[in-house]
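Undergrad: Below you'll find the structure I mean.
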Amino acid sequence: MFRKIAVGMSGGVDSAVAAYLLKRANYQVEGVFMRNWDSNYEAGFCSDEKDFEDASFVCRKLNIPLHRVHFIKEYWNEVFTVLLKEYESGLTPNPDILCNRYIKFDSFYEHCRNNLAVDAIATGHYANTSFGPYLESYRDDESVRLLQPIDKHKDQTFFLSQVKQFSLRRCMFPLATYLKSEVRELARKEGLLNVASKRDSTGICFIGKKRFKNFIQEFIPEKNGHFVDIDTGQTVGEHSGIHKWTVGQRCGLQSYKDAYFVFKKDLETNTIYVVSGTKHPSLWNNLCFTKRPHWINKEPTSLTRNDILNCQFRFQHTKPLVSCRVVNNYDGLTIMLDQNLRALTEGQYGALYNGEECLGSAKIKAIHKNLFYYCVNLLEPIHARLVLIMVKVYGLGVLYKGVTSATILKAAYDLQSFSFFQRSSVQEFMTFVSKTIVERTQIASRQSVKEGEYMVQVYVRADNLAGVLISDHEYPNRVAHTLITKMLDDFSAKVPANSWPTANETTVDFPVLPQYLAKYQNPQEADALTKIQNDLDETKIILHDTIKAVLERGEKLDDLVEKSNSLSMHSKAFYKTARKTNSCCNF
Numbered sequence: 001m002f003r004k005i006a007v008g009m010s011g012g013v014d015s016a017v018a019a020y021l022l023k024r025a026n027y028q029v030e031g032v033f034m035r036n037w038d039s040n041y042e043a044g045f046c047s048d049e050k051d052f053e054d055a056s057f058v059c060r061k062l063n064i065p066l067h068r069v070h071f072i073k074e075y076w077n078e079v080f081t082v083l084l085k086e087y088e089s090g091l092t093p094n095p096d097i098l099c100n101r102y103i104k105f106d107s108f109y110e111h112c113r114n115n116l117a118v119d120a121i122a123t124g125h126y127a128n129t130s131f132g133p134y135l136e137s138y139r140d141d142e143s144v145r146l147l148q149p150i151d152k153h154k155d156q157t158f159f160l161s162q163v164k165q166f167s168l169r170r171c172m173f174p175l176a177t178y179l180k181s182e183v184r185e186l187a188r189k190e191g192l193l194n195v196a197s198k199r200d201s202t203g204i205c206f207i208g209k210k211r212f213k214n215f216i217q218e219f220i221p222e223k224n225g226h227f228v229d230i231d232t233g234q235t236v237g238e239h240s241g242i243h244k245w246t247v248g249q250r251c252g253l254q255s256y257k258d259a260y261f262v263f264k265k266d267l268e269t270n271t272i273y274v275v276s277g278t279k280h281p282s283l284w285n286n287l288c289f290t291k292r293p294h295w296i297n298k299e300p301t302s303l304t305r306n307d308i309l310n311c312q313f314r315f316q317h318t319k320p321l322v323s324c325r326v327v328n329n330y331d332g333l334t335i336m337l338d339q340n341l342r343a344l345t346e347g348q349y350g351a352l353y354n355g356e357e358c359l360g361s362a363k364i365k366a367i368h369k370n371l372f373y374y375c376v377n378l379l380e381p382i383h384a385r386l387v388l389i390m391v392k393v394y395g396l397g398v399l400y401k402g403v404t405s406a407t408i409l410k411a412a413y414d415l416q417s418f419s420f421f422q423r424s425s426v427q428e429f430m431t432f433v434s435k436t437i438v439e440r441t442q443i444a445s446r447q448s449v450k451e452g453e454y455m456v457q458v459y460v461r462a463d464n465l466a467g468v469l470i471s472d473h474e475y476p477n478r479v480a481h482t483l484i485t486k487m488l489d490d491f492s493a494k495v496p497a498n499s500w501p502t503a504n505e506t507t508v509d510f511p512v513l514p515q516y517l518a519k520y521q522n523p524q525e526a527d528a529l530t531k532i533q534n535d536l537d538e539t540k541i542i543l544h545d546t547i548k549a550v551l552e553r554g555e556k557l558d559d560l561v562e563k564s565n566s567l568s569m570h571s572k573a574f575y576k577t578a579r580k581t582n583s584c585c586n587f
C-alpha cells in the first residue's frame with residue numbers, strides 16, 4: 001500500500017538514518033530538502049548550504065534522488081510573523097511546534113503528495129504512532145494516535161503535539177524503535193561519516209550561531225525599561241526590551257543575597273519583575289489556563305462528559321511528565337498539576353499525555369499558583385512556610401452584622417507570605433469568607449470554622465458588633481477569642497455604637513488594629529492577655545470542620561460566590577474551576 005516515500009532531509013544524522021532504514025526496507029525513497037528561510041535576507045545570518053551539501057552527500061551515498069523545495073513564504077506567514085507578534089506581546093512562543101504544524105506536516109506533506117506522488121512521508125523525529133513506524137498497522141477506518149518512541153531521552157512528541165490528523169496518519173517514523181546512540185552507530189557503519197558525529201540542531205534552525213537576542217533585535221526595536229524586585233518594590237536594574245527575556249531566566253543582576261531571575265513581564269509598563277534566587281516560591285506554580293486545545297485523535301471521553309481528565313503534563317520536551325487533572329473551561333482548559341513546576345510560561349504549549357500516548361497540546365495563556373487553594377483556605381501553604389516570616393495570625397476584622405448582610409468596619413491583614421501580585425486576591429477572599437461566616441453566626445455566639453490548615457474564629461456580640469480572626473491551627477481557640485473580645489471592647493470604646501449601622505472602612509477611625517495584628521503574632525503575648533481575662537464569658541464556641549456546616553439549609557456557596565459584590569469576576573472564575581476539579585477544598 002505504501003511504496004513511495006518522501007523523506008524530509010535536514011542534513012543531520014537522524015533524517016539520514018531514517019532514509020537509510022527506508023531504503024533498506026525496499027521502499028522507493030525520495031529525499032526532500034526544505035528551505036524555510038532566505039539566508040540572503042539579512043547579512044550575517046547562517047546559510048543552509050552546508051546542510052544541503054550534507055543532505056546531498058547522504059542521498060548520493062544511498063542512491064536516492066534529492067529534491068530542494070522552498071517554503072520561505074509559508075514559514076514567514078505561518079511561523080515567523082507569529083513568533084514576532086508573540087515576542088512583542090511579552091510571550092515566549094515555541095517556533096518548533098509551529099513549524100511542525102504548518103510547514104513540515106502541512107506544506108511539506110501537501111507538496112510531496114501533489115508533486116512527487118508519494119504514498120506517505122517520513123521524518124527523522126523520535127516518535128511513533130499507533131500505525132507503527134512504517135505504517136504497517138495502518139487502517140483506513142481508524143484515527144491515528146501519537147506515541148512516544150523507545151528513546152525517552154530524545155522523545156520529540158512534544159514538538160509534534162499540534163500536528164493534524166490527516167498528515168500524521170500517513171507519516172512514518174523509522175527511528176521509533178532506535179536509541180540515539182544506535183542511530184549514530186548505523187550512520188558510521190553505512191559510511192555516512194559527514195553526519196554521523198554532527199551535533200543536533202537546537203533553537204531556531206536558521207539563526208545558526210548568531211545569538212537570539214542579537215537576531216531578534218533586527219525585527220523588534222529596543223525599548224528600555226526597569227527590572228523591579230517584587231518583594232521590595234525597588235528598581236534593581238534596566239533592560240532594553242521585554243522580548244529578550246523569559247520567565248525563569250537569570251538576569252545578570254545580583255541582589256544582596258542571590259542572583260535575580262525573571263518572574264513576570266508587564267507589557268503596559270515595560271517592566272520586568274524579578275525575584276531573588278532560582279528557588280524563589282514565585283517561580284513555582286501548579287495551575288495554568290490554556291487556549292482551546294488541539295487533540296491529536298479526538299477529545300478525551302472524560303472531557304466530553306464534562307468530567308475530569310487525569311493525565312500527565314509537560315511544557316518542555318526535556319522535562320519529566322507530571323501528573324495532573326484537566327477540565328474544560330469556557331475557552332480552553334484548566335490544568336491543575338500535582339506538583340509545582342518552575343517557570344511555567346505564557347505563550348508556551350502544555351502537552352498532555354496518557355501514558356505513552358501524546359493526546360495533544362494547548363497554548364498556555366495564564367499561570368497561577370493554586371489560587372483556589374488559598375482563596376478558600378485563606379493561605380496558600382506550599383511555600384509560605386519556607387520564606388519570609390513565620391506568622392500565626394493572618395487577618396483581624398471588625399464587622400457590623402446587619403439584618404441581611406455584614407459590613408466590614410475595619411480590617412488588617414498580614415500578607416507578607418505572598419508575592420506582590422497575589423496579595424490582593426488573598427485579601428479579597430479573606431474579606432468574603434469573613435462576611436459570609438459573620439452573616440451566618442447567630443447574635444451573641446461564637447464559632448470556630450476549620451477549613452484545610454486554617455481557622456476562622458468569629459464572635460458576634462449581642463449588639464451586632466462582630467470580630468473575625470483568621471489563623472493557622474496552632475493558634476489556640478481560647479486565645480483567639482480572648483483577642484477578639486479585647487478588639488471589640490476597644491473598638492466600642494473608640495467608635496460610637498450609633499454609627500456602626502452606616503459606617504464602613506473608609507469612615508471608621510480605628511488605627512490600632514494593625515498594631516494588634518503585629519503584637520499578637522506571638523501567641524505568648526495573647527496568652528498573657530488570656531491569663532488576665534480569665535473571666536472570658538461562658539458563651540460556647542461552636543466548632544465546624546468546614547465552612548459548609550455554617551451555611552443555612554438550602555444555601556450553596558457557589559451561589560454566594562456568584563452573587564458576591566466583593567469578589568472580582570477573575571476570582572469567581574477561579575472558584576468555579578476549583579469547584580469543578582474538587583482540587584482545593586471541600587465546599
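Residue numbers (full-length UniProt numbering): 1 to 587. Think of the CB as a built atom: it goes at the ideal place given N, C-alpha and C, for glycine as much as any other residue.
1. In the DSSP assignment, what are the bridge partners of Val13?
2. Would you kindly work out how many angstroms separate the C-alpha atoms of Leu253 and Leu469, rounded to a whole number?
3. When you compare each of Gly233, Lys265, Val228 to Lys244 by their alpha carbons, which one comes out closest?
4. What does a CB cutoff of less than 8 Å around Glu88 pick up in its chain, not counting 5 residues either side in sequence?
5. Check this for me: beta carbons of Cys324 and Leu303, under 8 Å apart or not?
6. Could you spell out the range, first to last residue, of the alpha helix (DSSP H) harbouring Lys50?
7. Take every Cβ of the stretch 110-126, pair it with every Cβ of the stretch 266-277, and state whether three or more of those distances are shorter than 8 Å.
8. Ser424: buried (16+ other C-beta within 10 angstroms of its C-beta) or exposed?
9. Just confirm the distance between the C-beta atoms of Gly31 and Val13, as a whole number of angstroms; I'd bet it's less than 8 Å.
10. Tell me which residues share the same chain as Ala462 and place their Cβ nearer than 7 Å to its Cβ, disregarding the 5 neighbours each side in the sequence.
11. Suppose the cutoff is 6 Å on Cβ atoms and the five residues either side in sequence are ignored; what does the same chain contact list for His383 look like?
12. With a 10 Å radius around its C-beta and 16 neighbouring C-beta atoms as the bar for buried, classify Asn77 as buried or exposed.
13. Looking at the secondary structure, which residues open and close the alpha helix (DSSP H) in which Leu98 lies?
14. In angstroms with no decimal places, state the Cα-to-Cα distance between His67 and Trp37.
15. Just to confirm, is the Cβ distance from Met430 to Tyr413 under 8 Å?
16. Of the residues Val236, Phe131, Leu465, Leu91, which one's Cα is nearest the Cα of Thr246?
17. Using a threshold of 8 Å, state whether the C-beta atoms of Gly124 and Ser197 are closer than that.
18. Out of Ser161, Asp472, Ala176, state which residue places its alpha-carbon closest to the alpha-carbon of Lys298.
19. Going by DSSP in three states, Phe105 sits in which element: helix, strand or coil?
20. Is Asp229 helix, strand or coil when you go by DSSP?
21. Ignoring anything shorter than 4 residues, give me the alpha helix (DSSP H) runs that lie fully in the UniProt domain "Longin" (398-514), in order along the chain.
22. Name the two residues that bound the continuous alpha helix (DSSP H) containing Glu182.
23. Rounded to whole angstroms, what is the Cα-Cα separation between Lys279 and Lys291?
24. Could you check whether the Cβ of Ser197 sits closer than 7 Å to any heavy atom belonging to the ligand ADP?
25. Closer than 6 Å by C-beta to Val403: which residues in its own chain qualify, once you throw out the five before and the five after it? Chain order, please.
26. What residue does the alpha helix (DSSP H) around Tyr75 start on, and which one ends it?
27. Here's the rule: buried if 16 or more other CB atoms are within 10 angstroms of the residue's CB, otherwise exposed. What is Glu357?
28. Does the beta-carbon of Leu193 have 16 or more other beta-carbons within 10 angstroms, so that it is buried, or is it exposed?
29. Of the choices Gly395, Asn498, Phe491, Pro95, whose alpha-carbon is the least far from that of Val456?
30. On the DSSP bridge assignment, give the partners of Trp284 in chain order.
31. For Ile335, tell me which candidate among Gln348, Ala343, Asp472, Ile364 has the shortest Cα-Cα distance.
32. Just the C-alpha distance for Ser471 and Ser448, rounded to the nearest angstrom, thanks.
33. Got a sec? Which residues, its chain only, sit under 8 Å from Ser143 by beta carbon, not counting five neighbours each side?
34. In the DSSP assignment, what are the bridge partners of Asn354?
35. Consult DSSP for residue 592 and reduce its assignment to one of helix, strand or coil.
36. What are the partner residues of Gln28, as DSSP defines its beta bridges?
TA: So, to answer that:
1. For Val13, which the question treats as bridged, DSSP gives no partner whatsoever.
2. 40 Å
3. Lys265
4. Ile220, His243
5. no
6. 49-62
7. no
8. exposed
9. With a Cβ gap of about 14 Å, Gly31 and Val13 do not count as contacting.
10. Ile443, Ala444
11. Low local confidence applies: a pLDDT of 32 at His383 is under 50, so the model's placement there is unreliable, with the coordinate-based value given in what follows. Counting only Cβ-Cβ distances below 6 Å, and skipping sequence neighbours, we find Pro281.
12. exposed
13. 95-99
14. 17 Å
15. yes
16. Leu91
17. no
18. Ser161
19. helix
20. strand
21. 423-439, 477-494
22. 180-189
23. 28 Å
24. Because no ligand of any kind appears in the structure shown, any question about the ligand ADP cannot be addressed here.
25. none
26. 72-75
27. buried
28. exposed
29. Gly395
30. Arg342
31. Ile364
32. 11 Å
33. Gln165, Arg169, Asn297, Lys298
34. Glu357
35. The question about residue 592 has no answer here: the residues shown for the chain are numbered 1 through 587.
36. Lys4
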